[in-house]
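Participant: Questions regarding the structure given below will be posed in turn.
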Amino acid sequence: MDAIPGSPGGEKRDSGPAALSWLFTLAIGASLWFILRSQGNNLGWPWVLAALPPLMVAQHAFFLHSVKSRSVSPQKGAGKSAILTVDFEALEGAWRRYFAPGQILLRFGVPALFLASACVLQAGLFFGGWFPQLSASEATSQQLLAAGRFGLAGAYAYVMVHLGIRNFRADLTGGGAMWCAVTVVLGPGIAIVAALALPLKENEQFARAALFFLAGLSPQKVIGYISDSARKALGDGALSAAVLNNKSLLCIRGITLDIQDRLREEGIEDAYALAFAEPYHLLRNTNFSPRQILAWMDESLLYFFLPDTAEWLIRQHGLTGAIDLAYLGHLASTAPDGPAAKVLDTLCTKVGMPLDEFQMLLQRMFEDQQLIQIWNLYNSMDVWQPKAFEMEG
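Count along the sequence shown from 1, add 1, and you get the number used in the numbering used here.
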């Protein structure tokens, strides 16, 4: 059984990424040890905390390259379809677009670099004395410094919770890492703006500190609150909600409210968007089972082709998705007197379409490139074969 050449499970497996991960870890550890020895425990702890978020992003990138990319690498000869010609070069190209080392470095290395820069910058500004004006003895400077520190604490809490949960579920994305960097930058800034805008009153120190912390913890909500207030002040009426005739993601079996929210993070709002999503994009950015993702996409394609009768076909006739129906149409066309043709006539009558029109629809489904890609991936992704995980040498 062959994997994609150059992939972690392929013929030309390179031990470089594993060595690079060890080298990266040792370099970070040595840097932290040097900082603690040179600045002391009292001054070195902000730099240690600043190093943790980018390390978590880097760890997930190494996981994608060393483990997950191998588990979703298409395997030649694994469950090959009898009626489809597997375009292995196309599968290889799709795999490389999302799991090649350069792509992983671009999608996660750059956000990790931005996150490290933001954390180091804020640690230096608010704890390292890089901006002397904030550390001046004036009361206003001390208030702004305290507000910025509370905002930074809130932003750091959000970043650690977000990265911790996503790393625990192996569900971190490059966009999420970049948003963490934005939060680290925006949080203290919004807290300082709030400190300048709100007058200091007696016995309100705790409330103000909580406000600054929340400003850093969720800057998006604070900005949204300010925008809503400005819109109301300007008299801008709310737009009426458009009535959408789209199939909800919840109509797909196995998709819960939490899964729906997660898919919306990837820009997938309904079943039609899921039907034509890029499979490897979801395989890289989510922690769902590979064949589970493909099954959801297959069922979504059935809703795309037959939006009014797809649920009935699934519940009453046991179809799992568009692949089943396209395969049935192919069997009926190759054996006009066989059982598949009789089942097709029955379905055609219940669907309420003329037989010729229904056959043309099934032929279009059978030739649809998205359906073919899902079909090939489902058959060639041999994720449970031990050989896909073997380490050479």
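All C-beta atoms, glycine included, are put in the ideal place defined by N, C-alpha and C.
Are the segment 331-345 and the segment 259-276 in contact at 8 Å, needing three or more beta carbon pairs?
Facilitator: Too few Cβ pairs lie closer than 8 Å, so no.
Participant: Measuring CA to CA, which of Lys-351, Phe-306, Gln-374 and Pro-355 is closest to Met-366?
Facilitator: Minimum Cα distance to Met-366 is reached at Phe-306.
Participant: Return the chain-ordered list of same chain residues with a C-beta closer than 6 Å to the C-beta of Glu-391, the five sequence neighbours on each side being excluded.
Facilitator: Reliability fails at Glu-391, whose pLDDT of 40 lies under 50, so the model's placement of it is uncertain and no value is given.
Participant: So Ile-191 packs on Ala-216, CB below 8 Å; how close in whole Å?
Facilitator: Sure, about 4 Å apart at Cβ, within 8 Å.
Participant: Report the residue from Ser-249, Ala-62 and Ala-117 whose alpha carbon sits nearest the alpha carbon of Leu-106.
Facilitator: When only C-alpha atoms are compared, the closest one is Ala-62.
Participant: Taking the alpha-carbon of Arg-167 as reference, which of Pro-54, Lys-248 and Ala-31 has the nearest alpha-carbon?
Facilitator: With distances taken between Cα atoms, Arg-167 lies closest to Pro-54.
Participant: Going by DSSP in three states, Gly-176 sits in which element: helix, strand or coil?
Facilitator: Note: Gly-176 maps to helix in three-state DSSP.
Participant: Cutting at 7 Å between CB atoms, please list the residues of its own chain near Phe-1, excluding the five before and the five after it.
Facilitator: Residue 1 lies beyond the residue range present for the chain, which begins at 2 and ends at 394; the question has no answer from this structure.
Participant: How do the segment 96-104 and the segment 122-129 stand: do at least 3 beta-carbon pairs fall below 8 Å, yes or no?
Facilitator: Short answer: they don't touch.
Participant: When burial is assigned at 16 or more other CB atoms within 10 Å of the CB, is Phe-359 buried or exposed?
Facilitator: By the 10 Å Cβ count, Phe-359 comes out buried.
Participant: From what residue to what residue does the alpha helix (DSSP H) around Lys-248 run?
Facilitator: Segment: none, Lys-248 is in no alpha helix (DSSP H) and carries neither H nor E.
Participant: Which residue from Cys-349, Tyr-379, Ile-324 and Trp-34 puts its Cα closest to that of Glu-368?
Facilitator: Minimum Cα distance to Glu-368 is reached at Ile-324.
Participant: Given Tyr-281, which residues of its chain have a CB within under 8 Å of its CB, disregarding the five upstream and five downstream residues?
Facilitator: Excluding positions up to five away in sequence, the list reads Val-73, Ala-95, Trp-96, Arg-98, Tyr-99 and Phe-100.
Participant: Just to confirm, is the Cβ distance from Thr-272 to Ser-249 under 9 Å?
Facilitator: It should be noted that the sequence gives Ala, not Thr, for residue 272. Contact flag set, yes.
Participant: What did DSSP end up calling Arg-254 once you bin it into helix, strand or coil?
Facilitator: If DSSP states are grouped into helix, strand and coil, Arg-254 belongs with coil.
Participant: The alpha helix (DSSP H) with Lys-351 in it runs from where to where?
Facilitator: Here the alpha helix (DSSP H) through Lys-351 covers 340-352.
Participant: Could you spell out the range, first to last residue, of the alpha helix (DSSP H) harbouring Phe-289?
Facilitator: Looking at the DSSP string, Phe-289 is not in any alpha helix (DSSP H), and its letter there is neither H nor E.
Participant: For Gly-165, verify whether its CB is less than 8 Å away from any heavy atom of the ligand FAD.
Facilitator: Ligands in the displayed structure: none, and consequently the ligand FAD is not present.
Participant: To which residues of the same chain is Tyr-304 closer than 6 Å at the C-beta, ignoring the five residues directly before and after it?
Facilitator: Excluding residues within five positions, the ones whose Cβ falls inside 6 Å are Lys-248, Ala-272 and Ala-311.
Participant: Determine the contact status of Thr-174 and Asn-286, defining contact as a CB-CB distance below 9 Å.
Facilitator: Yes. Within cutoff.
Participant: Ignore the nearest five residues each way along the sequence and tell me which others in Gly-152's own chain have a CB closer than 6 Å to its CB.
Facilitator: Cβ within range, chain order: Gly-188, Pro-189, Ala-192, Phe-213, Ala-216 and Gly-217.
Participant: Return the CA-CA distance between Phe-169 and Phe-64, expressed in angstroms with no decimal places.
Facilitator: Distance between the alpha carbons of Phe-169 and Phe-64: 12 Å.
Participant: What residue from Ala-124, Ala-178, Gly-176 and Trp-180 has the CA that sits closest to Ala-154's CA?
Facilitator: Residue Ala-124 is the option with its Cα nearest to Ala-154.
Participant: Can you look up Gly-129 in the DSSP assignment and give me helix, strand or coil?
Facilitator: Reduced to three states, the DSSP call for Gly-129 is coil.
Participant: Under a Cβ-count criterion, where at least 16 other Cβ atoms within 10 Å of its own Cβ denotes burial, should Met-298 be classed as buried or exposed?
Facilitator: By the neighbour-count rule (16 or more Cβ atoms within 10 Å), Met-298 is buried.
Participant: Alpha carbons only, please: which of Val-194, Ile-253 and Leu-362 is nearest the one belonging to Arg-316?
Facilitator: Comparing Cα positions, the closest option is Ile-253.
Participant: Pull up the distance between the alpha-carbon of Leu-275 and that of Ser-301, whole angstroms please.
Facilitator: Distance between the alpha carbons of Leu-275 and Ser-301 is about 6 Å.
Participant: Answer yes or no: do Gly-330 and Leu-314 have a C-beta to C-beta separation smaller than 9 Å?
Facilitator: Contact flag unset, no.
Participant: Excluding the five sequence neighbours on either side, which residues of its own chain have a C-beta within less than 6 Å of the C-beta of Arg-108, listed in chain order?
Facilitator: The answer, listed in chain order, is Gly-175.
Participant: Determine the extent of the alpha helix (DSSP H) in which Ala-327 is found, giving its start and end residues.
Facilitator: Segment 323-335, the alpha helix (DSSP H) holding Ala-327.
Participant: Do you know how far the Cα of Leu-284 is from the Cα of Ser-70?
Facilitator: Going by the C-alpha atoms only, they are around 9 Å apart.
Participant: Is it buried or exposed for Gln-293, if we count other Cβ within 10 angstroms and need 16 for buried?
Facilitator: Classification for Gln-293: exposed.
Participant: To the nearest angstrom, report how far apart Pro-47 and Ala-156 are at their CA atoms.
Facilitator: The straight-line gap from Cα to Cα measures roughly 14 Å.
Participant: Look up Phe-277 in the DSSP assignment and say whether it is helix, strand or coil.
Facilitator: Coil, per DSSP.
Participant: By DSSP, does Thr-310 sit in helix, in strand, or in coil?
Facilitator: Here Thr-310 sits in coil by DSSP.
Participant: So the candidates are Leu-295, Asn-288, Gly-149 and Gly-165; which of them puts its Cα closest to the Cα of Asp-172?
Facilitator: That would be Asn-288, whose Cα lies nearest to the Cα of Asp-172.
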